[in-house]
Amino acid sequence: MKLHSILFGEMADSRITETETAEVPDFFSDLILDQIIDAITADKQEYHLKPFFYTPLHDINLIRYRYEVMQDLADRNLFDCIKAFTSKMSCMREQLVQADKLHYKYQKESWFLAAVEVYCEAVGCLVHDLSLVELKSRGFLAFRDYITEYYQSQIFTALLTETKQSKTDLSLVQYCMLIQDNCIQVRKYAAETDYSAAVEKTFEKFRQGAGKNYQIQFSDYPEMNHVEEQILDFVAKLYPEIFSRFDNYCIVHDNYLDETLKIFDREIQFYIAYLEFIERFEQNGLKFCYPQVSSTGKEVCAYESFDLALANKLIGEKVRVVCNDFYLKGNERIFVVSGPNQGGKTTFARTFGQLHYLAGIGCPVPGRKAQLFLFDKLFTHFEKAENIKNLRGKLQDDLVRIYDILNQATADSIIIMNEIFTSTTLKDAGFLGKQIMKRIVQLDALCVCVTFIDELTACSENIVSLVSTVVPENPALRTYKIVRKSAGGRLYAVSLAEKYRLTYECLKERIQ
Amino acid sequence: MKAFLMYRDSDFDMQQKLPANEQALIQDLALDTLFAAMARGDKLLFEVAKKAVLTGLTNPDGIVYRQRILQDCLQNASIIREIYAILAESIEGRKKYYYSFFSKYPAAILHQAIEQLELFFDTLKKMRTIADQYADHFVSEGFTVFFAMLRRELDDEYLSRIEEYLKELTFRDGVLISAELGKGNKGSNYVLRKNSEEGKHGWRQRFFGMKTPVYVVHIHARDESGARALAELRDRGINLVADVLARSTDHIRSFFTILRTELAFYIGCMNLQEQLVNMGAPISFPLPLNLGEPGHSFQGLYDVCLALSLKQRIVGNKGKPDNKKLVIITGANQGGKSTFLRSIGLAQLMLQCGMFVPAEALSASVCSGLFTHYKREEDAAMNSGKLDEELSRMSDIADHITANSLILFNESFAATNEREGAEIARQIVSALMEKQIKIFFVTHQYEFAHGFYEKKSEDIIFLRAERQNDGERTFKIVEGEPLQTSYGEDLYNKIFGTA
């Protein structure tokens, strides 16, 4: 059977070293992608998913491969059955961990059996479930072929049959204990009647609802004490065939877990984690889409897009999220964003970066519709508060960082700058800004530049001016809408009132 | 087992919600006076009276069911009070055990449950005896069914079975438990098995007489952890039966509690009846009519709360508003308008909860809700004006009121100039009438009252607090068109003594 990866398709062989060593990209904290990835992977620590999210693919074919898988998973049936599979696998691992911790033989074996049982069930269910859904992605089609073949293989069918047998055997064991003074007599159960049930029936007539439960929850730690072990030893003597068959089963199937399924179980979590994360946004009316990704055309656009990190916070606070549209057409390459502070400029810059990064790892992006560019490298230049030692140091530091960026950037790179040169005079900043812009224009890279320097908007036809807007009647209210418009604009205020609805007409409407 | 003394087919629920306008009703109708008279200082009686009065019934059938039971109670007062006392003693007696019920060990729980059950067993026997002795003194459907149920469910065979359990559950012959293999092959599904009928040593005989092998685990006297393990195993075995028994005692207690609660209502009525009889005030069982059915009439209707406060019989009113939708009451200050309005509301509540009413005779259709909108004292802390406050309260009422409700207005919407107030009141009253809501409106606003008078509508009746020509009040409410004066001059003269 061919090795197969749901995350890397045919590239599976070459990926291992590349992904597992990936470090957090530099721009992650500027774009708040670190928090986003933290949130996405928070409930999935055991799978160690972050490397997958740290590694852009730079391969349109592989991005589409992942989109196909994602789109298949949009089918709730498929998603649920995959979830069911992985939760069983996780349950299986827990049983094995438990088996490992115990020392008493019959206990270890029982936990091992439980693990294998869950595994068999997981495989069986998944094969069955996959046969019922319509799959389109290359990834899932290949995986279905693989697991179906495995399911029918001799190795698996033998495992399944013997597991069931052991389970049935053990379920037939029933015994009785008579406890008196400091003795426990152990023997087989002989169909004596249930005393509690008889008592319950007698008092049935007084029953008033469910009532308080007086059953004591005994702590069910997995270990046995020496009395329980002695009892179980005797029980094993009462049922000798069953217990010797069971011993044998555990030895034969020691190495039961299939390696490809083990890898699938981890890799599929990448998709699950992301889809589960965005579900919350979709429930709040925000949209996600599979963007058109191109490595040649730089005409990018997105509609109803938003900053994932900010939206994540606002939804928690039950505040409405403002979406924004953007597009670059023809020779347009650079957004220069100006306007009042706290108006959503930085958010917009981050949104642009997040969209491109997420598309680059094969994830759907925030927005109703989008076309994005497959960049080679992404650079951010955000103010670094911890670097402020003195004014000259800061300006110098800014310039050095930008110099480095411009040296590394290519025509296929994306550069995002936020409030550059705030640590010098307006005149200086204007001059420096223009120089930098000129170089980015020459480079032909995609860029977003947030600035308070209005004149940067006008220095090239490749630059589009965006402005964050306010409510026309009340300039104190931000709309968080970023629109294509040249810088400038002033406005007014409004007010409201209420009444009791107790007029004849109103009352007639109100009373049922 | 159910008492069913408040409803034919369900328990009286002390947790049920009171109507949203509970506070307004209590304040406007002086209900605390009524509850206190029913309670005679007993907290439970007070609470039950309050619940029952404020959550009356809307089906005449259910009301008559209670009326009959109450009549039985009044006939057999001493028996009812005796049952009530037995229940109270039994329920209170449990309290000293209650604390230890939180024990962590099934053995302890079982022990407590047995002790508790022994106590309840006594009470059950007493109840049986009373049922045997007095059942034929009662004629109401409720009590007939109740006593028959006691005699049927608590027959001798049943009582002796309980007695037997009380002995067996001490487990002098050891505890027999069956088990299966659960998670990790640990014992699970421990089930306590029934003691054999072969006599005291039956267990051992059966055990060793069997063909299958028997193995014995001995716990050494100095093996403390072994002893603990054994005790825990035993506890697992009796866990379920301890639970069943403890729960059963809860259920029996709950049965007693519900029975006591239901009787508490009737005890409250009995208390009230005694006081009214002592002051010579008349009471009668009213005739409840269906929702919306005409036939409202009363004779000798008085404000029971005023009578209780004054500790004397007071003047009653008669009237026959029958199928009127709007009753407007005008007339002299201090002429008994508010008292009359309150007597209408009180009688309605008492009728709907199945009590007698403070009147020589009364018939009224049930209403789907009773609402009061009274003028309130100015509240210093309030930001909104007085009219605002009145409208806000009216708006709350509008959120809850439905067709076939009854609403009592007392000098409402007068907190502004008369013309505006009258217009607001007119609009509100007109809308309510169209929605089939019955209205009693006490007002000094001539503009408002007169406006309706001119309509000459069949749906409206005008009543007036009577004033004799010499200015003397009779505290009687009689039919009459609204007058332009409320005789404020009389009051002025009385106080300033210039008459």
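Chains as they are written, first to last, in this note's numbering: chain U, 540 to 1051; chain S, 19 to 517. Heads up, the beta-carbon is just placed ideally off N, CA and C, and yes, glycines get one too. Owing to the predicted nature of the structure, the values given are computational and were not obtained by experimental measurement.
For residue i, return the contacting residues in chain U, with the cut-off set at a CB-CB distance below 7 Å.
i, result
"A21/S", "Those within 7 Å of A21/S in chain U number zero; the least Cβ separation is about 11 Å."
"F273/S", "F745, Q747"
By DSSP, does residue i sit in helix, in strand, or in coil?
i, result
"V157/S", "coil"
"I347/S", "strand"
"N428/S", "strand"
"L938/U", "helix"
"F745/U", "helix"
"S568/U", "coil"
"K583/U", "helix"
"C371/S", "coil"
"G836/U", "coil"
"I332/S", "coil"
"G892/U", "helix"
"Y842/U", "strand"
"E815/U", "helix"
"K144/S", "helix"
"L63/S", "helix"
"E856/U", "coil"
"P306/S", "strand"
"R978/U", "helix"
"R99/S", "helix"
"Y734/U", "helix"
Give the single residue among the options whose Cα lies nearest to the Cα of residue i.
i, options, result
"Q370/S", "P306/S, I347/S, I419/S, D340/S", "P306/S"
"R819/U", "V860/U, D793/U, S783/U, I802/U", "V860/U"
"N296/S", "F303/S, I276/S, K329/S", "K329/S"
"S272/S", "R805/U, K744/U, G836/U", "K744/U"
"V66/S", "Y83/S, L168/S, Q33/S, N77/S", "Q33/S"
"E549/U", "I959/U, D598/U, M956/U, V980/U", "D598/U"
"Y1043/U", "I362/S, K453/S, K494/S, I195/S", "K453/S"
"S676/U", "E633/U, I602/U, G748/U, Q747/U", "I602/U"
"L388/S", "T357/S, E407/S, F427/S", "F427/S"
"K212/S", "I723/U, R726/U, C715/U, D759/U", "C715/U"
Using a cut-off of 7 Å between C-beta atoms, extract the partners of residue i located in chain S.
i, result
"Y753/U", "I127, A260, D261, A264, R265"
"Q713/U", "S196, E198"
"P761/U", "G202"
"Q704/U", "Per Cβ cutoff of 7 Å: no residues; Q704/U is ~15 Å from chain S at best."
For residue i, which residues from the same chain have a beta carbon less than 7 Å from its beta carbon, with the 5 sequence-adjacent residues on both sides left out?
i, result
"Y606/U", "Y829, G901"
"L14/S", "Here chain S has residues from 19 to 517 only, and residue 14/S is not among them."
"N870/U", "E1000, N1001"
"I1050/U", "none"
"A70/S", "F283, C371"
"V163/S", "F22"
What in chain S is Cβ-close to residue i, meaning under 8 Å?
i, result
"I1050/U", "A416, I419, T420, A421, A449, L450, K453, I455"
"K776/U", "P231, Y233"
"G750/U", "R265, D268, H269, S272"
"F651/U", "Chain S residues near F651/U: none, gap ~10 Å exceeds 8 Å."
"Y645/U", "N203"
Residues in its own chain within less than 6 Å of residue i by CB, not counting five upstream and five downstream?
i, result
"A729/U", "none"
"T625/U", "D804"
"N207/S", "E198"
"R631/U", "For clarity, residue 631/U is Met in the given sequence; the question names Arg instead. If we look at M631/U and ignore the five residues flanking it on each side, its Cβ neighbours are A654, V657, Y658."
"S1004/U", "V875, T996, S1025"
"E843/U", "K826, C862, G906, R907"
"L294/S", "I301"
Taking C-beta pairs closer than 8 Å, name the residues in chain U that residue i reaches, listed in chain order.
i, result
"M412/S", "Y1039, L1041"
"E250/S", "F757"
Under 9 Å between beta-carbons, which chain U residues line up against residue i? List them in chain order, please.
i, result
"G255/S", "M716, I718"
Residues of the stretch 616 to 642 of chain U with a CB closer than 8 Å to any CB of chain S: list them in chain order, please. Q637, L641
The stretch 163 to 177 of chain S: which residues have C-beta closer than 7 Å to a C-beta of chain U, in chain order? E171
Got a sec: which bits of the stretch 726 to 738 of chain U sit with their beta carbon under 8 Å from any beta carbon on chain S, in order along the chain? R726, K727, Y728, A729, E731, T732, D733, Y734, S735, A737, V738
When Cβ atoms are compared, which residues of the stretch 765 to 791 of chain U fall closer than 8 Å to chain S? H765, V766, E767, Q769, I770, L771, F773, V774, K776, L777
Give, in chain order, every residue of the stretch 319 to 348 of chain S whose Cβ lies closer than 8 Å to some Cβ of chain U. none
Mind listing which residues of the stretch 864 to 887 of chain U have their C-beta closer than 9 Å to chain S's C-betas, in chain order? none
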